[in-house]
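Q: Below is one structure. I have some questions about it.
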């Protein structure tokens, strides 16, 4: 089977990118032909190439909503679909999901959308939230199946009725088994907490800091590991 994995960002290597990487590797192992199409020209691209996964860069596929740029990105996706003629288009992340579902529908290509987190999740400003809901209401019917990576996301989509329940499912992300040296040691003194997540608002680092604040008088250590696109000084927290 010939499969295109379409994702918006290559400038950040987060959970969605690692999901696409691991999924593509496994699909290749099973004998499928995989192409990853991604916006920009960031560090995710050489990581894919390092693992022998073909990549197509789409410079106009960007995260912010820019009508003219989005129009060009849509045509790039359509042209790619006409050229590659995939058996399946799997879209990941909001912008790639909106444009990819539309392009897949017009090209009569079976299309999946994986919601790694809905764009209208909690904490999104009011106007932006309803714009994102409208975009998903329009494009949800164009997907053959919508995968939520958590029950929270499934219930969020159900609450705002962005898709029929029969079209949605929940498939939790998985990782390969860890070796013994990487397993947590709950008996370590002092205890050490590690949060691995990009330094952006949806990951909510502040809640973790508030949770450990009452332990200020106790010996413990906390490490934050992740990229901060805006390069803020987190030490000031």
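In my numbering, the protein residues as written are 329 to 565. Glycine included, C-beta positions come from ideal geometry on N, C-alpha and C. Values in this document were obtained by computation on a predicted structure and should not be read as measured data.
1. Using alpha carbons as the reference points, say which of 395, 415, 432 and 524 lies closest to residue 405.
2. Would you list the one or two residues that DSSP bridges to residue 405?
3. Are the beta-carbon atoms of residue 367 and residue 336 separated by less than 7 Å?
4. Per DSSP, which residues does residue 420 bridge with? Please list them.
5. Counting C-beta neighbours from all protein chains within 10 Å, is the total for residue 410 16 or more, i.e. buried, or is it exposed?
6. To which residues of the same chain is residue 553 closer than 6 Å at the C-beta, ignoring the five residues directly before and after it?
7. Looking only at its chain, what residues have a beta carbon closer than 8 Å to the beta carbon of residue 340, apart from the 5 residues adjacent to it on each side?
8. Could you give the first and the last residue of the continuous alpha helix (DSSP H) run that contains residue 461?
9. Name the one or two DSSP bridge partners that residue 361 has.
10. Which complete alpha helix (DSSP H) runs does the region 485 to 534 hold, if anything under 4 residues is left out?
11. Does the Cβ-Cβ distance between residue 418 and residue 440 come in under 7 Å?
12. Please report how far the alpha carbon of residue 502 lies from the alpha carbon of residue 477, in whole angstroms.
13. Quick check: residue 415 and residue 330, are their CB atoms within less than 7 Å of each other?
14. What did DSSP end up calling residue 477 once you bin it into helix, strand or coil?
15. Would you kindly report the start and end of the unbroken beta strand (DSSP E) that includes residue 552?
16. For a test of the three-state rule: what should DSSP assign to residue 572, helix, strand or coil?
17. Could you pull the start and end residues of the alpha helix (DSSP H) that residue 374 belongs to?
18. Does DSSP put residue 367 in a helix, a strand or coil?
A: The structure says:
1. 432
2. Looking at the DSSP assignment, residue 405 forms no beta bridge with any residue, so it has no partner.
3. yes
4. 335 and 442
5. With fewer than 16 other Cβ atoms within 10 Å, it is exposed.
6. Sequence-distant Cβ neighbours of residue 553 in its own chain, meaning closer than 6 Å and more than five residues away, are 524.
7. 370, 372, 526, 555 and 557
8. 454 to 467 is the span of the alpha helix (DSSP H), which, as asked, contains residue 461.
9. 330
10. List check, alpha helix (DSSP H) in window: nothing returned.
11. yes
12. 10 Å
13. yes
14. Secondary structure at residue 477: coil, using DSSP grouped into helix, strand and coil.
15. 549 to 553
16. Outside the displayed range of the chain (329 to 565) lies residue 572, so it cannot be described from this structure.
17. 372 to 378
18. strand
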